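Peer 1:
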Amino acid sequence: MSASAAGAEPERWWEADPADLQHEAQDLGDPLEPAVGPEELTAFPAARSIRRYTVAVARQRSGAGVGELLGDVYYAVIMIAIGFGLALGVAGQLTSTAAPVAAAGTGASLPAVVAVGLVALAGVVLTLAGRLGPVGLGGAEATWWLGLPVERRGLVRPASRRIPLVAAAAGALVAGILDGGLLDDAGIGHVLRIAAAAALVCAGVVLLAGLAQSWRGNRLAVVVGDVIVAVSPVIAVLAVVGGWQMDGLPDAPLPVLLVGAVVVLLLAVALDRRLGSIQGRSLRESGSVAAQAAGALASMDSRELGRVLTDRVAKQRRRRSWRMRLVRGPGSAIVAADLVVLVRSPRHLVQVVVAALLPALVVTTPQLAGTLGVLVAIVGGGYVAMLATGEGARRAEMAPVLDRLLPLGAEQVRRLRLIVPGVVMLGWAVVAFGTIGLWRGDLALWLVLGVLTTPVWAGGALRTAYRPAPDWGGNLVSTPMGALPTGVAAVLARGPDVVVLGMVPAIIALVIGSVPPAVLTAQLLVSVIAARVGSSASTKTLMERLTDASAAPTAPAGGALR
Amino acid sequence: MSKPARESASTPSGRPARSRPSAKRPPVVRAVDLRVGYAGAPVCAPVSFSLPAGKIMALVGPNGAGKSTVLRAVLGLLEPLSGTVQVLGRAVDERAVAYRAQVASVLDDDAWFPALTVSEHLYLTARGHGVADAEEEVDELLEEFGLADHAHALPTALSSGQRRRLLLAAGLVRPRSLLVLDEPEQRLDVAMRGHLADRLNAEKVAGGSVLLATHDPQLLAAVADRAVLVGDTSGTLSVDDAVEALQPGVL
Numbered sequence: 000m001s002a003s004a005a006g007a008e009p010e011r012w013w014e015a016d017p018a019d020l021q022h023e024a025q026d027l028g029d030p031l032e033p034a035v036g037p038e039e040l041t042a043f044p045a046a047r048s049i050r051r052y053t054v055a056v057a058r059q060r061s062g063a064g065v066g067e068l069l070g071d072v073y074y075a076v077i078m079i080a081i082g083f084g085l086a087l088g089v090a091g092q093l094t095s096t097a098a099p100v101a102a103a104g105t106g107a108s109l110p111a112v113v114a115v116g117l118v119a120l121a122g123v124v125l126t127l128a129g130r131l132g133p134v135g136l137g138g139a140e141a142t143w144w145l146g147l148p149v150e151r152r153g154l155v156r157p158a159s160r161r162i163p164l165v166a167a168a169a170g171a172l173v174a175g176i177l178d179g180g181l182l183d184d185a186g187i188g189h190v191l192r193i194a195a196a197a198a199l200v201c202a203g204v205v206l207l208a209g210l211a212q213s214w215r216g217n218r219l220a221v222v223v224g225d226v227i228v229a230v231s232p233v234i235a236v237l238a239v240v241g242g243w244q245m246d247g248l249p250d251a252p253l254p255v256l257l258v259g260a261v262v263v264l265l266l267a268v269a270l271d272r273r274l275g276s277i278q279g280r281s282l283r284e285s286g287s288v289a290a291q292a293a294g295a296l297a298s299m300d301s302r303e304l305g306r307v308l309t310d311r312v313a314k315q316r317r318r319r320s321w322r323m324r325l326v327r328g329p330g331s332a333i334v335a336a337d338l339v340v341l342v343r344s345p346r347h348l349v350q351v352v353v354a355a356l357l358p359a360l361v362v363t364t365p366q367l368a369g370t371l372g373v374l375v376a377i378v379g380g381g382y383v384a385m386l387a388t389g390e391g392a393r394r395a396e397m398a399p400v401l402d403r404l405l406p407l408g409a410e411q412v413r414r415l416r417l418i419v420p421g422v423v424m425l426g427w428a429v430v431a432f433g434t435i436g437l438w439r440g441d442l443a444l445w446l447v448l449g450v451l452t453t454p455v456w457a458g459g460a461l462r463t464a465y466r467p468a469p470d471w472g473g474n475l476v477s478t479p480m481g482a483l484p485t486g487v488a489a490v491l492a493r494g495p496d497v498v499v500l501g502m503v504p505a506i507i508a509l510v511i512g513s514v515p516p517a518v519l520t521a522q523l524l525v526s527v528i529a530a531r532v533g534s535s536a537s538t539k540t541l542m543e544r545l546t547d548a549s550a551a552p553t554a555p556a557g558g559a560l561r
Numbered sequence: 000m001s002k003p004a005r006e007s008a009s010t011p012s013g014r015p016a017r018s019r020p021s022a023k024r025p026p027v028v029r030a031v032d033l034r035v036g037y038a039g040a041p042v043c044a045p046v047s048f049s050l051p052a053g054k055i056m057a058l059v060g061p062n063g064a065g066k067s068t069v070l071r072a073v074l075g076l077l078e079p080l081s082g083t084v085q086v087l088g089r090a091v092d093e094r095a096v097a098y099r100a101q102v103a104s105v106l107d108d109d110a111w112f113p114a115l116t117v118s119e120h121l122y123l124t125a126r127g128h129g130v131a132d133a134e135e136e137v138d139e140l141l142e143e144f145g146l147a148d149h150a151h152a153l154p155t156a157l158s159s160g161q162r163r164r165l166l167l168a169a170g171l172v173r174p175r176s177l178l179v180l181d182e183p184e185q186r187l188d189v190a191m192r193g194h195l196a197d198r199l200n201a202e203k204v205a206g207g208s209v210l211l212a213t214h215d216p217q218l219l220a221a222v223a224d225r226a227v228l229v230g231d232t233s234g235t236l237s238v239d240d241a242v243e244a245l246q247p248g249v250l
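Protein sequences appear in the order of chains A and B. Numbering of the first sequence is given in numbering that gives the first Met the number 0, commencing with residue 0 and proceeding in unit increments. Numbering of the second sequence is given in numbering that gives the first Met the number 0, commencing with residue 0 and proceeding in unit increments.
(1) If we define contact as Cβ-Cβ less than 8 angstroms, is Met191(B) a contact residue for chain A?
(2) By a C-beta neighbour count over all protein chains shown, 10 Å radius and 16 as the cutoff for buried, is Leu266(A) buried or exposed?
(3) Between the alpha carbons of His22(A) and Pro51(B), how many angstroms are there, rounded?
(4) What is the rounded straight-line gap between the Cα of Gly330(A) and the Cα of Val419(A)?
(5) With 9 angstroms as the C-beta to C-beta threshold (strictly closer), list the residues of the segment 118-149 of chain B near chain A in chain order.
(6) Inspect the CB distances between the segment 35-48 of chain B and the segment 228-237 of chain B and report whether three or more fall short of 8 angstroms.
(7) Where does Asp181(B) fall in DSSP's three states?
(8) Kindly say whether Gln217(B), judged by its beta-carbon, lies nearer than 8 angstroms to any beta-carbon of chain A.
(9) Whose C-alpha, out of Pro44(A), Ala260(A), Arg130(A), is nearest the C-alpha of Gly305(A)?
(10) Based on DSSP bridge pairs, tell me the residues matched to Tyr98(B).
(11) Alpha carbon to alpha carbon, how far is Val353(A) from Arg493(A)? Give it in angstroms, no decimals.
(12) Report the start-end ranges of each alpha helix (DSSP H) in the segment 203-251 of chain A that is 4 residues or longer and not cut off at the edges.
(13) Kindly indicate which three-state DSSP category Pro45(B) falls into: helix, strand or coil?
(14) From the DSSP output, in three-state form, read off Asp109(B) for me.
(15) Nearest-angstrom Cα distance between Gly459(A) and Pro467(A)?
(16) Check whether the Cβ of Leu165(B) lies closer than 8 angstroms to any Cβ atom in chain A.
(17) Tell me whether the beta-carbon of Gly241(A) lies closer than 8 angstroms to the beta-carbon of Ala141(A).
(18) Under the assumption that Thr363(A) contacts Ala521(A) (Cβ atoms under 8 angstroms), give the Cβ distance between them as a whole number of angstroms.
(19) Please specify which runs of the alpha helix (DSSP H), each continuous and at least 4 residues long, are wholly inside the segment 149-200 of chain B, giving them in chain order.
(20) I need the DSSP call for Arg507(A), collapsed to helix, strand or coil.
(21) Here's a check: name, in chain order, each residue in its chain whose Cβ is nearer than 6 angstroms to the Cβ of Leu444(A), leaving out the five neighbours to either side.
(22) Just how far apart, CA to CA, sit Gly512(A) and Arg439(A)?
(23) For Ile193(A), does the three-state DSSP call read helix, strand or coil?
(24) Go ahead and pull the three-state DSSP assignment for Ile277(A).
(25) Mind pulling the chain B residues with CB within less than 9 angstroms of Ala141(A)?
(26) If Leu178(B) and Gly207(B) are in contact, beta carbons under 8 angstroms, what's the gap, nearest whole angstrom?
(27) Tell me which residue opens and which closes the alpha helix (DSSP H) that Asp337(A) is part of.
(28) So, is the C-beta of Arg198(B) closer than 8 angstroms to a C-beta in chain A?
(29) Given a cut-off of 8 angstroms, decide if Ser118(B) and Leu141(B) are closer than it, judged by their beta-carbon atoms.
(30) Cutting at 7 angstroms between CB atoms, please list the residues of its own chain near Val115(A), excluding the five before and the five after it.
(31) Please report how far the alpha carbon of Ser49(B) lies from the alpha carbon of Leu404(A), in whole angstroms.
(32) Count the other C-beta atoms from every protein chain shown that fall within 10 angstroms of the C-beta of Tyr122(B), then say buried if there are 16 or more, exposed otherwise.
(33) Residues of chain B with CB closer than 7 angstroms to the CB of Leu147(A), please, in chain order.
(34) Inspect the beta-carbon positions of Leu77(B) and Lys66(B) and report whether they are closer than 8 angstroms.
(35) Taking 7 angstroms as the limit between beta carbons, can you name the residues of its chain near Leu172(A), skipping five residues before and five after?
(36) How big is the Cα-Cα spacing for Leu524(A) and Arg324(A)?
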């Protein structure tokens, strides 16, 4: 057909002819003259006025004035300052009281380990920036703003500044606490300069992620960030093996900071100029992820947070379907499904490996090789590994309909779901407790202890995965952090409670530095209980169950319970 | 909703069409071997069609056939796997101000500014598109879509059908050359569906073009000039054939 032929309408107007594309691409009418709609039009408004209108109406309706806003800012600053001071104090106290058991002459120095940790922090910031956008507009802003014919850069500008600023603040806090609280005193000036350098690096990293988003989407930032995080433990191992010694974190002189600030400023300007180039679909997707992540944080739903940060940015690709030849029934189907979920999540496998290497890093770092360091490495590292193994159970909790398709009871399903976390944590325990055994001596006993802790981790993984979300529809209590539902602490404690209580015998062994037979016996008993509690289908808290038990009617003397 | 359907010879705003004759303009939408999908996997057979000014084309097909995905590609919300799609003679680029000024869409979005009322959402859209007399346009559409009594309500207080009407009103309160609708009949009562059909017919008389996905044979028969079958096989259909295809058990 020839749509451009003047005069009569073509007979078969609905057919598209590729040959006409080039010709008709040059046959443009006035692109700014819409065919229908209101007749009298003015110039398009500035993006800023759109933003201001939306914000002004919202503020007017909320009844909050500038005073309340300043009050909130003041409150936030004070809370951050207090938190920073507390963290510094605790870190300093710990380093002064928990003296290393054996200051080995080999291994990496603590500043070297901290330096590697800061590299990992940059990786975390980069991958999070990629997962959250870093530039995005979600919800109503995406629906009602992005379709307007106003300069998109002006609409997106505030959103583009948010995450770099948050990343800078977080980087400064973490680096400041590590340098000021954990390492030898190098003076407040040194701490401030390190914090400023970390802030610039984190802000710069996020801005780079934003630039990448404007060209190729946010996948690049996620991959590079993940690689940095994954490589960090390797660097740490190399540092330990190579005996990397540092007296402290290298100082960041003022001229270096100034150059860094200029670079960050230039990156910010470059990103600002590229904001109009970001595709609307990228802005919508990023905004949606950020909004859901914020919602998950606000409602303290860690499962949702994990799902948002992984699923929504996972590379969409078809996978080769497993034929599940080993599945012989509903039980093996559950185990196979959990295994597939774990194997298809390389991030979680890396998480387990990194957590297994943590004790080795601690015992080979003279300043850390003490009771406290080993405790943190075993309990903290084990908890991080445990969270990775519960992925299958977490997904099952989010979509319980799949489990219900199988002819299995809830308790039975959960007992089966102990298997994959148990097997993976067995591997973790062998490496982690084997390291402690090599460090302390009595390798066999430490290995036995590690193996006995496996049910605790598996139970904890399940209890964490199946914990209910806080009930925001119920009573709320006013707290310094805002209104929170009653019982939120009990909900958040589901999972960690089993780990902490179940690890008591192992913790005792770590504190006393040996593994008496009584500890092994106690660990065996506690582990059985922990696995039982972890695989229980009851959603009630421990306190609720105790309350129910005390409120239950007692049997009348000489009669049957009615 | 109490307002009667407009005269078919007038524009939706009651004014004469200001566009040039359709034969002198390039097709408003032209898709050639357009293949759409996710993760590199197409969801339907490639589609080719051409939609000139002043025509209404409907995408028909069963659930999951890919109708909404094709619409998203036309709107620039999804990158085609292959093929080309042009809107107003140019490759789709929703970043261009000219594109956003010409193309209105009503998808199944259900996102609202929590503090903005029904009328304020419409004012935002109208003023954002440079409508000089936004008050008059908004009042007219609120009345037409039966939302006048809810003008000062928050959208979250509306029923799902009323929120659908609000989205339709937002698509019509602004100037446009192309109106893209994803199953606009959803959640509307019978009377409002009839009014929607009148509205769309007035749109094309005024020189506007409409591309819509629908499952409603009555709406299809009332407004469409042509249909595109989307699914495992694709092709253009006459309206009669498309209505037949939408009967139970055919697709």
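From the three backbone atoms N, C-alpha and C, an ideal C-beta is built for every residue, glycine too. The structure displayed is predicted, hence computed values, not measured ones.
Peer 2: Reading off the structure:
(1) no
(2) buried
(3) In this prediction, His22(A) scores a pLDDT of 47, lower than 50, which makes its location untrustworthy; no coordinate-derived value is stated.
(4) 12 angstroms
(5) Glu119, His120, Tyr122, Leu123, Thr124, Ala125, Arg126, Gly127, His128, Gly129, Val130, Ala131, Asp132, Ala133, Glu135, Glu136
(6) As far as the Cβ criterion goes, the segment 35-48 of chain B touches the segment 228-237 of chain B, which means the pair count is three or higher.
(7) Here Asp181(B) sits in strand by DSSP.
(8) no
(9) Arg130(A)
(10) For Tyr98(B), which the question treats as bridged, DSSP gives no partner whatsoever.
(11) 24 angstroms
(12) Fully enclosed alpha helix (DSSP H) runs of 4 or longer: 218-240.
(13) coil
(14) coil
(15) 14 angstroms
(16) Contact with chain A is absent for Leu165(B), since none of that chain's Cβ atoms lies less than 8 angstroms from the residue's Cβ.
(17) no
(18) With a Cβ gap of about 29 angstroms, Thr363(A) and Ala521(A) do not count as contacting.
(19) Listed in chain order, the complete alpha helix (DSSP H) runs (minimum 4 residues) inside the segment 149-200 of chain B are 159-171.
(20) The identity of residue 507(A) in the sequence shown is Ile, whereas the question assumes Arg. The answer is helix: DSSP assigns Ile507(A) an H, G or I state.
(21) Val514
(22) 7 angstroms
(23) In this structure, Ile193(A) counts as helix in the three-state DSSP scheme.
(24) Assigned with DSSP and collapsed to three states, Ile277(A) falls in coil, not helix or strand.
(25) Chain B residues near Ala141(A): Asp108, Ala110.
(26) Right, their Cβ atoms sit about 6 angstroms apart.
(27) Element bounds for Asp337(A): 329-342.
(28) no
(29) yes
(30) Cβ within range, chain order: Ser231, Ile234, Ala235, Ala238.
(31) 47 angstroms
(32) buried
(33) Arg99, Gly127, His128
(34) no
(35) In chain order, Phe83 place their CB closer than 7 angstroms to the CB of Leu172(A), counting only its own chain and leaving out the 5 sequence neighbours on each side.
(36) 36 angstroms
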